[in-house]
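Residue numbers (the working numbering): -4 to 691. The beta-carbon is built from N, C-alpha and C at its ideal position, and this holds for glycine as well. I have placed the structure first, in the form of structure tokens, so that the comments after it can refer back to it.
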Amino acid sequence: VSLLAAMPAHAQTGDGSLRGYVKDEQAGLLPGVTVTATSPALLVPVVAVTDSAGYYRLLNLPPGTYTLTAELTGFAAYRREGILMRAGSTFSVDIVMKLGGLEETVIVTGESPMIETGSPSSILTIQGDLVRAAPVTSRRLWSDVLDMAPGVNSRNVDDGLGRRAYYFHGTHIYAHVFQLEGAPASSYNDSAAHSMGMGGDTVADAELKLGGVDASAPLGTGVVMNIVTPRGGNKYSGSASYQFQPLDWNADNTKGGRWPGGLPTFQRVNQWDLSLGGPIAKDRAWFFGSYRYADLTNGISRTEQDLALLTAFRPDFEPFNNTLKSHQPYAKVTAQVSAKHELSGFFQNDRNRFTSGRERLTHQVSFGAAGGSLWQGKLTSVWTIRLTSQVSASFNNKGGADEETYKKQRGYGPQVLVHRSTFLSRGLPTGSGTLVQMNNVQSVSLAPGSMLIVRGDLTYFRDAWGGSHEFKTGIWAAPRLWRDITSRYVNDGFVLEEVRQIDPNNPTAGTIPFHRLYRTPTEAQTTSARDRDVGIYVQDSWKPHARVTANVGVRVDFVRRHDAIFDVDRMKSVEVGPRLGVSYLVTQDARNVLRASYGRIHEQVNGRDYITTFGSGLPRGSTIRDLYDANGDGTFETEIITPAATAALSGVEFDPSLHQPFVDEFVVGFRRQFRGQISVDLAGTRRVFHDNYALV
């Protein structure tokens, strides 16, 4: 099914284009033809005039169903309906005009084009309607689209929340780029899919780049995904839906009930989705809004042995579950400010609060939060038939836990880890493995994050120099990529006590401590990343022949990774990523395309990677004090002091030539459109990863 749904595309912010040649019945090229695209998805019709070679380009077409018309004095008007545009799609539609008067109209019927003939990229576009009609998960998540994509595999995140992690062709879960209307929509703290959310009706189309990524796309070795949202329209429309799954609807596979065989994993869902769109001013300004309220309960799977240990060390133990609550509003306005300029802006929020207790916790002390707000403004301009531009700015303050997160925190004393026994390692007593975790966490963290992104793209078309050229250049600037973590240590700095059982065969016999850990001061800033990534690119789509398109481009990113705690640069690099590709139209009817591409693609600058997180446990001015009692006599005879990190040491911990990891990617593919609106895209991909971060 994924193959049948494949739609190649290459626009970065969701708008597509129609282009092609206009000819007469004798295959003569016709300049000066007025070609117009109309659709309920457009505020105003998009108009172009064919050049001296009879070529037209209709740009900035949002997803929707289009009617294409062409007019020229002395010829009958041309009309073709039912052309389906998806996010970022660029389709070729040639027009043949017949002699006659303009009062005559030739209506052409035919299947809507489905395959891109001029791009070497491997891209899958999935309609939001499909995700809502046939959801992969019970909650209709935006990330269900990823489970439909070839090459992507996934698993449940091991945090007790029922969230999913996604992998693609050798990447880790933080390598993907998730965009909303072209703006980065995940957190700089954590760019994984499970760190963001939105209502089910927010997704109109989802575009996934799976290979042959062009130079205009942001850095990222995983999937580059862009979600296009609805625009509203000249008519009011909306929807409301409710999803409910009580605990009683979950099966129990623990051999006889909740206690005898343990506790199963289960989920309770209480979720509302609302949406509404319509005109602010007909044919001038539209709005769309959506809202999701999610109230989830996820059971913690505990075996019979887990339950026995928990009740042995805490006789009043009662099983508890994990919960997640979130309000997810979205609002968007699109306006035609003049014949040449369209302005749009949106606001999105996905802040959620949750618990993430595990099967061996005696108390629910694991509280967390993620998400935040995203704003974007975008101006799209068509200056002439040859020249277009797009400028946007977005701000994202999505982060981790804040003060509100810990209002229900009820831990006490130090965290206590109970072990069955100990053994000596490097002369120190070491636990044999945690049986239960009691009383508290070691610290709580305040983790704000923010991203500021400014983008500008300029596209120029020229029919000269050995064929037609579509030049595109632009800047993708992230001058602010910030991540901070302030750690607050519990129990006045006495954060951990490890104990062993006196009698491993009798949990009620008591325990003996063998390790205690103290931290000073009780609050310290452990991470302060002040990173940036400024990328510039240039690319050319050169068409030397009607059947051949060559794509050549290069992206250059200037990256700085700065640690504000010690005021040192951990990395300064220039990343150069060339892109090469070619597509060949095997048959003249635009139904068979052979393609190949090569690209050097660098990893995105990510606040979760080792450059940011290395050494975060030893902040400036803090010390760690470990006490050990090896023989169990109550005297902690061994003391180890770990001093704080220093600026001098931090400055030499990173290789001066350190740079972003990258992958060399080679793709060869073939796509074909069959009759009956079925297309197939087959591709082989080879990826070679280079210079991943390593600690020596």
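Handout entry: Opening and closing residue of the alpha helix (DSSP H) in which isoleucine 606 lies
Key = Residue numbering aside, residue 606 sits at position 611 when the sequence shown is read from its first letter. Note, isoleucine 606: alpha helix (DSSP H), 605 to 608.
Exercise for the section: Determine the burial state of isoleucine 222: buried for a count of at least 16 other Cβ atoms within 10 Å of its Cβ, exposed for fewer. Expected result: One-based indexing of the sequence shown puts residue 222 at position 227. So isoleucine 222 counts as buried.
Practice task
Check each candidate in Ala504, Pro130 and Gly461 and name the one with the smallest Cα separation from alanine 545.
Solution key: Reading the sequence shown from its first residue, position 550 is the one you call residue 545. Across the set Ala504, Pro130 and Gly461, the C-alpha of Gly461 shows the shortest separation from the C-alpha of alanine 545.
Handout entry: Residue environment, leucine -2, which counts as buried when at least 16 other CB atoms sit within 10 Å
Key = If you number the sequence shown from 1, residue -2 lands on position 3. Low confidence applies to leucine -2: its pLDDT is 36, below 50, so where it sits in the model is not reliable enough to give any reading.
Handout entry: Cross-strand partners of phenylalanine 561 (DSSP beta bridge)
Key = Locating residue 561 in the sequence shown gives position 566, counting from the first residue. None; phenylalanine 561 has no bridge partner.
Practice task
Output the distance between the C-alpha atoms of arginine 670 and asparagine 344, rounded to the nearest integer angstrom.
Solution key: In the sequence shown, the residue the question calls residue 670 occupies position 675. In the sequence shown, the residue the question calls residue 344 occupies position 349. Near 42 angstroms, if we compare the C-alpha coordinates of asparagine 344 and arginine 670.
Practice task
Could I get the ranges of all uninterrupted beta strand (DSSP E) runs contained in the region 81 to 110, with 3 residues as the minimum, in chain order?
Solution key: Within the region 81 to 110, the complete beta strand (DSSP E) segments at least 3 residues long are 85 to 87, 90 to 92 and 100 to 103, listed from N- to C-terminus.
Problem - Beta-carbon proximity check, glycine 294 vs threonine 260, cutoff 8 angstroms - result: Against the sequence shown, residue 294 aligns to sequence position 299. Against the sequence shown, residue 260 aligns to sequence position 265. It is a contact, given that the beta carbons lie within the stated cut-off.
Exercise for the section: Leaving aside the five residues before and after arginine 26 along the sequence, list all residues of the same chain whose C-beta is less than 7 angstroms from its C-beta, in chain order. Expected result: As a working mapping, residue 26 is identified with position 31 in the sequence shown. Before going further, note that residue 26 is proline rather than arginine in the sequence given. Excluding the 5 residues flanking it on each side, proline 26 has same chain C-beta neighbours closer than 7 angstroms at Thr45, Asp46, Ser47 and Gly49, in chain order.
Handout entry: Cβ neighbours of glutamate 20 in the same chain (closer than 7 angstroms, five flanking residues each side left out)
Key = Start at 1 with the first residue of the sequence shown, and residue 20 comes out as number 25. Val91 and Lys93.
Practice task
Measure the alpha-carbon distance for glycine 363 versus aspartate 247 and round it to whole angstroms.
Solution key: Residue 363 sits at position 368 when you count from the first residue of the sequence shown. Residue 247 sits at position 252 when you count from the first residue of the sequence shown. If I take the Cα positions, the gap works out to 28 angstroms.
Practice task
Measure how close the beta-carbons of valine 101 and tyrosine 73 come, nearest whole angstrom, since I'm counting them as under 8 angstroms.
Solution key: Here the question's residue 101 lines up with position 106 in the sequence shown. Here the question's residue 73 lines up with position 78 in the sequence shown. Between valine 101 and tyrosine 73, the beta carbon gap of about 6 angstroms places them in contact (Cβ cut-off 8 angstroms).
Problem - Endpoints, the beta strand (DSSP E) within which serine 592 is located - result: The sequence position of residue 592 within the sequence shown is 597, counting from 1. Start and end: 587 to 597.
Problem - the region 563 to 571 touching the region 654 to 667, judged by at least three CB pairs closer than 8 angstroms - result: Yes, since at least three Cβ pairs between the region 563 to 571 and the region 654 to 667 fall closer than 8 angstroms, the two stretches touch.
Handout entry: Whole-angstrom distance between arginine 511 and aspartate 558, CA atom to CA atom
Key = The residue labelled residue 558 in the question sits at position 563 within the sequence shown. The residue labelled residue 511 in the question sits at position 516 within the sequence shown. Using only the alpha carbons, I get a separation of about 31 angstroms.
Problem - Straight-line gap, glutamate 632 to proline 424 (C-alpha atoms, nearest Å) - result: Translated into positions along the sequence shown, residue 632 becomes position 637. Translated into positions along the sequence shown, residue 424 becomes position 429. Going from the Cα of glutamate 632 to the Cα of proline 424 covers about 12 angstroms.
Handout entry: Reduced DSSP category for phenylalanine 669 - H, G, I as helix; E, B as strand; rest coil
Key = The residue labelled residue 669 in the question sits at position 674 within the sequence shown. Of the three classes helix, strand and coil, the one that applies to phenylalanine 669 here is strand, per DSSP.
Practice task
Work out the CA separation of valine 413 and proline 431 for me, nearest whole Å.
Solution key: As a first step, residue 431 is located in the sequence shown; it is residue number 436 there, counting from the start. As a first step, residue 413 is located in the sequence shown; it is residue number 418 there, counting from the start. Checking the displayed sequence, the identity of residue 431 turns out to be valine instead of proline. So the alpha carbons of these two residues sit roughly 6 angstroms apart.
Problem - leucine 372 versus Gln323, Val449 and Val152, residue with shortest Cα-Cα distance - result: For the purposes of this step, residue 372 is taken as residue 377 along the sequence shown, with counting starting at 1. Sequence check: residue 372 is glycine here, not leucine. Comparing Cα-Cα distances from glycine 372 to each of Gln323, Val449 and Val152, the minimum goes to Val449.
Exercise for the section: Report yes or no: do the region 170 to 179 and the region 348 to 364 share at least 3 C-beta pairs separated by less than 8 angstroms? Expected result: As far as the Cβ criterion goes, the region 170 to 179 does not touch the region 348 to 364, which means the pair count is below three.
Problem - Check whether aspartate 452 and serine 384 have beta carbons under 8 angstroms apart - result: In the sequence shown, residue 452 corresponds to position 457, counting from 1. In the sequence shown, residue 384 corresponds to position 389, counting from 1. Between aspartate 452 and serine 384, the gap from beta carbon to beta carbon is short of 8 angstroms.
Handout entry: Reduced DSSP category for glutamine 404 - H, G, I as helix; E, B as strand; rest coil
Key = Within the sequence shown, numbered from 1, the residue matching residue 404 stands at position 409. Of the three classes helix, strand and coil, the one that applies to glutamine 404 here is coil, per DSSP.
Practice task
Would you mind listing the beta strand (DSSP E) stretches within the region 272 to 314 that are 3+ residues and don't spill past its ends, in chain order?
Solution key: The region 272 to 314 contains these whole beta strand (DSSP E) runs: 280 to 293.
Handout entry: Cutoff 6 angstroms; reference valine 30; Cβ partners in own chain excluding five residues on either side
Key = Within the sequence shown, the letter at position 35 stands for residue 30. Answer for valine 30: Ala43, Tyr51 and Ala65, listed in chain order.
Exercise for the section: May I have the straight-line CA-CA distance separating glutamine 520 from glycine 610, to the nearest angstrom? Expected result: The count along the sequence shown starts at 1 and reaches residue 520 at position 525. The count along the sequence shown starts at 1 and reaches residue 610 at position 615. About 12 angstroms.
Problem - For aspartate 10, the three-state DSSP class (helix, strand or coil) - result: One-based indexing of the sequence shown puts residue 10 at position 15. Here aspartate 10 sits in coil by DSSP.
Practice task
Would you kindly work out how many angstroms separate the C-alpha atoms of serine 463 and glycine 69, rounded to a whole number?
Solution key: Position 468 of the sequence shown, counted from the first residue, corresponds to residue 463. Position 74 of the sequence shown, counted from the first residue, corresponds to residue 69. Straight-line Cα distance between these residues: approximately 28 angstroms.
Exercise for the section: Name the one or two DSSP bridge partners that alanine 472 has. Expected result: The residue labelled residue 472 in the question sits at position 477 within the sequence shown. As computed with DSSP, alanine 472 is found in a beta bridge with Val449 and Val529.
Problem - Bridge-paired residues (DSSP) for glutamate 518 - result: On the sequence shown, residue 518 is found 523 positions in, with the first residue counted as 1. DSSP, once it has assigned bridges, lists Arg483 as partnering glutamate 518.
Exercise for the section: Go to arginine 127, then tell me how far its alpha helix (DSSP H) extends in each direction, as first and last residue. Expected result: If you number the sequence shown from 1, residue 127 lands on position 132. 123 to 128 is the span of the alpha helix (DSSP H), which, as asked, contains arginine 127.
Exercise for the section: Can you have a look at leucine 690 and say buried or exposed, based on whether 16 or more other CB atoms are within 10 angstroms of its CB? Expected result: What you label residue 690 is simply residue 695 of the sequence shown in a count that begins at 1. Classification for leucine 690: exposed.
Practice task
Please classify tryptophan 537: does DSSP put it in a helix, a strand, or coil?
Solution key: Translated into positions along the sequence shown, residue 537 becomes position 542. In this structure, tryptophan 537 counts as strand in the three-state DSSP scheme.
Problem - Candidates Asp268, Ser296, Thr306 and Phe308, of which the one nearest serine 321 by Cα - result: Your numbering for residue 321 matches position 326 in the sequence shown. Taking only the C-alpha atoms, the option nearest serine 321 is Asp268.
Handout entry: 6 angstroms Cβ shell around histidine 696 - same chain, five flanking residues per side excluded
Key = In the structure as shown, the chain starts at -4 and stops at 691, and residue 696 therefore has no counterpart that could be examined.
Handout entry: 8 angstroms Cβ cutoff met for valine 588 and leucine 575
Key = In the sequence shown, the residue the question calls residue 588 occupies position 593. In the sequence shown, the residue the question calls residue 575 occupies position 580. Against a cut-off of 8 angstroms, the Cβ pair of leucine 575 and valine 588 comes out as no contact.
Practice task
Verify whether the separation of the beta carbon atoms of valine 103 and alanine 201 is less than 8 angstroms.
Solution key: Numbered from its first residue, the sequence shown carries residue 103 at position 108. Numbered from its first residue, the sequence shown carries residue 201 at position 206. Their beta carbons are not under 8 angstroms apart, which means valine 103 does not touch alanine 201 by this criterion.
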